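Scroll down for the structure; my scribbles are underneath it.
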Amino acid sequence: MKRVFILSVCIIALSSMSPTCSQTLAPFKAGDRVAFVGNSITDGGHYHSYLWLYYMTRMPDTPVWMMNCGIGGDTSAEILGRLQGDVIDRNPTVIMLTYGMNDAGLFELYGDSAESFSDKRVLLAKQNVEKMADKLRLLSDTRIVLVGTSPYDATTKFNNNIFPYKAQNIRRMIQDERDIAERNGWEFFDFESPMTALNTLRQQSDTAFTVCGHDRIHPDNDGHMFMAYLVLKAQGFAGRKVADVNIDARKKRVVGTEHCSVSNLVADKGSVAFDYLAESLPYPLDTIARGGMEFNRPQSRIVDLVPDFMQEMNAEMLTVRNLEKGNYTLQIDENTIDTLSSETLSAGVNLALYSNTPQMRQAHAVMMLNEDRWDMERRLRDWAWVEFDFFHKNGFYDVNSREAEQFYEKEKQSNWWVASRRDIYAKTGKKEVRDACQKYMQSIVDSIYRINKPVNHRIVLTKIN
Numbered sequence: 005m006k007r008v009f010i011l012s013v014c015i016i017a018l019s020s021m022s023p024t025c026s027q028t029l030a031p032f033k034a035g036d037r038v039a040f041v042g043n044s045i046t047d048g049g050h051y052h053s054y055l056w057l058y059y060m061t062r063m064p065d066t067p068v069w070m071m072n073c074g075i076g077g078d079t080s081a082e083i084l085g086r087l088q089g090d091v092i093d094r095n096p097t098v099i100m101l102t103y104g105m106n107d108a109g110l111f112e113l114y115g116d117s118a119e120s121f122s123d124k125r126v127l128l129a130k131q132n133v134e135k136m137a138d139k140l141r142l143l144s145d146t147r148i149v150l151v152g153t154s155p156y157d158a159t160t161k162f163n164n165n166i167f168p169y170k171a172q173n174i175r176r177m178i179q180d181e182r183d184i185a186e187r188n189g190w191e192f193f194d195f196e197s198p199m200t201a202l203n204t205l206r207q208q209s210d211t212a213f214t215v216c217g218h219d220r221i222h223p224d225n226d227g228h229m230f231m232a233y234l235v236l237k238a239q240g241f242a243g244r245k246v247a248d249v250n251i252d253a254r255k256k257r258v259v260g261t262e263h264c265s266v267s268n269l270v271a272d273k274g275s276v277a278f279d280y281l282a283e284s285l286p287y288p289l290d291t292i293a294r295g296g297m298e299f300n301r302p303q304s305r306i307v308d309l310v311p312d313f314m315q316e317m318n319a320e321m322l323t324v325r326n327l328e329k330g331n332y333t334l335q336i337d338e339n340t341i342d343t344l345s346s347e348t349l350s351a352g353v354n355l356a357l358y359s360n361t362p363q364m365r366q367a368h369a370v371m372m373l374n375e376d377r378w379d380m381e382r383r384l385r386d387w388a389w390v391e392f393d394f395f396h397k398n399g400f401y402d403v404n405s406r407e408a409e410q411f412y413e414k415e416k417q418s419n420w421w422v423a424s425r426r427d428i429y430a431k432t433g434k435k436e437v438r439d440a441c442q443k444y445m446q447s448i449v450d451s452i453y454r455i456n457k458p459v460n461h462r463i464v465l466t467k468i469n
């Protein structure tokens with residue numbers, strides 16, 4: 005009976021992540037300004053940056069702007085308090101709003117009154133989101149997407165530090181959020197269910213597995229890439245190839261192309277050469293764990309979580325049939341990429357698997373620029389906590405006033421977190437500094453949309469004698 009139950013759980017987990025049971029979410033449009041509103045998972049995380057990187061590389065002529073509007077530690081109450089100044093006043097065309105991880109409680113859940121505490125927190129969060137909904141309904145030209153948070157993993161066995169009720173509280177809040185979205189005619193997207201399904205599936209063979217990071221709460225870079233993957237899949241990009249080239253060497257003709265053009269084909273005995281211009285760049289995956297010391301796994305480990313990721317989301321296919329049997333050197337723009345057999349080329353090669361192609365090197369430049377933009381935006385998000393969750397929350401709206409400065413000096417004596425923000429307040433508290441940071445980010449994005457356009461490449465296959 006137990007084996008039947010486990011098998012049923014696995015089937016449910018697999019089906020919840022399959023294309024036939026996937027969620028749907030409209031893609032972003034050219035000119036969209038997308039605000040990702042949340043807590044530390046948004047604030048210090050990369051999922052929105054990985055999403056933007058996909059749009060930067062795979063849709064080079066669809067410029068969008070994606071904003072990190074997360075603040076670490078925020079509950080729905082803090083998000084409500086800064087919704088106008090930190091989000092609405094930045095004129096987003098799309099707001100993707102998530103909450104709940106901090107509302108669900110922490111050490112309070114160990115007490116005898118944990119159940120009643122949970123009921124109160126779930127109700128309070130619902131009331132706060134209803135108040136947010138009152139504000140959001142006034143934004144007639146803004147698309148609203150309520151987002152169910154990533155899960156709290158209470159089932160992984162990598163340690164015994166588990167907050168009871170927390171996972172259930174989150175699911176109750178997500179259901180309330182879903183109901184509010186439906187009542188207002190807004191879109192709803194859920195991270196919790198598919199991420200929990202992945203945890204459930206993988207923990208059948210590895211009880212210490214989790215997609216929720218080192219603390220059951222904060223996904224690592226691979227988890228954030230999984231979150232980005234879920235959004236992209238919901239937006240209909242699964243199965244969309246970077247490009248597809250199919251050539252018959254014997255007949256010396258192009259059999260088919262997809263999302264690219266092929267010209268100047270020359271097929272002689274022992275060689276095939278042609279010009280190749282794709283409509284987009286391949287999607288780069290960072291092999292370095294970024295974001296701070298608490299992040300240990302790189303974005304590229306998405307292929308461990310989703311083994312078919314490259315074929316499903318990042319296929320740049322080259323197929324050459326009817327070659328003379330043997331091994332061939334693959335060159336792109338006179339750069340040697342690999343040596344491949346005629347059988348391998350006939351079956352099809354995914355060029356996006358190679359880090360040394362000119363087009364992937366171009367994509368890596370985009371990725372590094374985007375990472376630099378992320379770093380600068382994080383600096384501004386550290387300031388956002390000081391501005392909204394410290395000064396505004398305590399009634400100080402002129403953060404450079406003498407009264408505000410005196411209040412800060414007083415509070416830092418007894419609050420280590422406030423004291424740790426000293427340098428941020430001293431520097432980023434100046435409007436001139438913040439304006440310079442914004443201009444720097446804009447210059448990076450401008451550079452990205454200049455260099456992200458695909459260029460023509462000469463691909464040559466030469467038989468090795």
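Its first residue numbered 5, the sequence shown is counted upward by one per residue in the numbering used here. Where a beta carbon is used, it is the ideal one built from N, C-alpha and C, also for glycine. Quantities reported herein were computed from a predicted structural model and do not represent experimental measurements.
Report the three-state DSSP secondary structure of residue i (helix, strand or coil).
{"i": "Arg147", "result": "strand"}
{"i": "His461", "result": "strand"}
{"i": "Thr102", "result": "strand"}
{"i": "Trp190", "result": "coil"}
{"i": "Ile75", "result": "coil"}
{"i": "Glu408", "result": "For clarity, residue 408 is Ala in the given sequence; the question names Glu instead. If DSSP states are grouped into helix, strand and coil, Ala408 belongs with the helices."}
{"i": "Asn250", "result": "strand"}
{"i": "Val422", "result": "helix"}
{"i": "Cys441", "result": "helix"}
{"i": "Thr340", "result": "strand"}
{"i": "Val258", "result": "strand"}
{"i": "Val2", "result": "No statement about residue 2 is possible, as the shown extent of the chain runs from 5 to 469 and does not include it."}
{"i": "Tyr453", "result": "helix"}
{"i": "Phe162", "result": "coil"}
{"i": "Gly217", "result": "helix"}
{"i": "Phe3", "result": "Past the boundaries of the shown model lies residue 3; the chain is included only from 5 to 469, so the question cannot be answered."}
{"i": "Asn132", "result": "helix"}
{"i": "Phe4", "result": "Beyond the ends of the chain as shown, which are 5 and 469, falls residue 4; an answer cannot be given."}
{"i": "Thr323", "result": "strand"}
Leaving aside the five residues before and after residue i along the sequence, list all residues of the same chain whose C-beta is less than 6 Å from its C-beta, in chain order.
{"i": "Ala185", "result": "Leu150, Phe192"}
{"i": "Ile336", "result": "Thr361, Pro362, His461, Ile463"}
{"i": "Lys256", "result": "Ala271"}
{"i": "Asp342", "result": "Leu334"}
{"i": "Ala277", "result": "Val270, Val464"}
{"i": "Val422", "result": "Glu415, Lys416"}
{"i": "Leu18", "result": "For Leu18, the predicted model reports a pLDDT of 47, less than 50, meaning its position is unreliable and no value from the coordinates is stated."}
Mind checking whether residue i and residue j have CB atoms under 8 Å apart?
{"i": "Asp138", "j": "Asn203", "result": "no"}
{"i": "Phe395", "j": "Ile75", "result": "no"}
{"i": "Lys467", "j": "Ser197", "result": "no"}
{"i": "Ala30", "j": "Val91", "result": "no"}
{"i": "Thr66", "j": "Pro286", "result": "no"}
{"i": "Val249", "j": "Val266", "result": "yes"}
{"i": "Phe167", "j": "Met199", "result": "no"}
{"i": "Met371", "j": "Leu57", "result": "yes"}
{"i": "Asp427", "j": "Arg301", "result": "no"}
{"i": "Ser44", "j": "His228", "result": "no"}
{"i": "Ile174", "j": "Thr153", "result": "yes"}
{"i": "Leu236", "j": "Cys264", "result": "no"}
{"i": "His50", "j": "Gln303", "result": "yes"}
{"i": "Asp194", "j": "Ile306", "result": "no"}
{"i": "Gly433", "j": "Asn398", "result": "no"}
Could you name the residues of the same chain whose beta carbon sits closer than 8 Å to that of residue i, not counting the 5 residues immediately before and after it, in chain order?
{"i": "Leu357", "result": "Met314"}
{"i": "Asn339", "result": "Asn360, Thr361, Pro362"}
{"i": "Thr261", "result": "Ala247, Asp248, Val249, Asn250"}
What whole-angstrom Cβ distance do residue i and residue j have, given they're in contact under 8 Å?
{"i": "Tyr412", "j": "Tyr429", "result": "6 Å"}
{"i": "Asn374", "j": "Ile455", "result": "Not really, about 11 Å apart at Cβ, beyond 8 Å."}
{"i": "Asn72", "j": "Asp47", "result": "7 Å"}
{"i": "Asn132", "j": "Leu84", "result": "5 Å"}
{"i": "Gly330", "j": "Ser346", "result": "6 Å"}
Any beta-carbon of chain D closer than 8 Å to the one on residue i?
{"i": "Ala185", "result": "Absence of chain D from the displayed structure is noted, only one protein chain being present."}
Can you say whether residue i is buried or exposed, counting buried as having 16 or more other CB atoms within 10 angstroms of its CB?
{"i": "Ile292", "result": "exposed"}
{"i": "Tyr103", "result": "buried"}
{"i": "Phe213", "result": "buried"}
{"i": "Val98", "result": "buried"}
{"i": "Arg385", "result": "buried"}
{"i": "Val310", "result": "buried"}
{"i": "Lys130", "result": "buried"}
{"i": "Asp450", "result": "exposed"}
{"i": "Arg187", "result": "exposed"}
{"i": "Ala471", "result": "Because the chain spans 5 through 469 in this model, residue 471 falls outside it and cannot be assessed."}
{"i": "Arg94", "result": "exposed"}
{"i": "Lys170", "result": "buried"}
Among residues of its own chain, excluding the 5 on either side of residue i, which ones have a beta-carbon nearer than 7 Å to its beta-carbon?
{"i": "Met380", "result": "Cys441, Tyr444, Met445"}
{"i": "Lys457", "result": "Pro64"}
{"i": "Arg254", "result": "Asn326"}
{"i": "Leu110", "result": "Phe167"}
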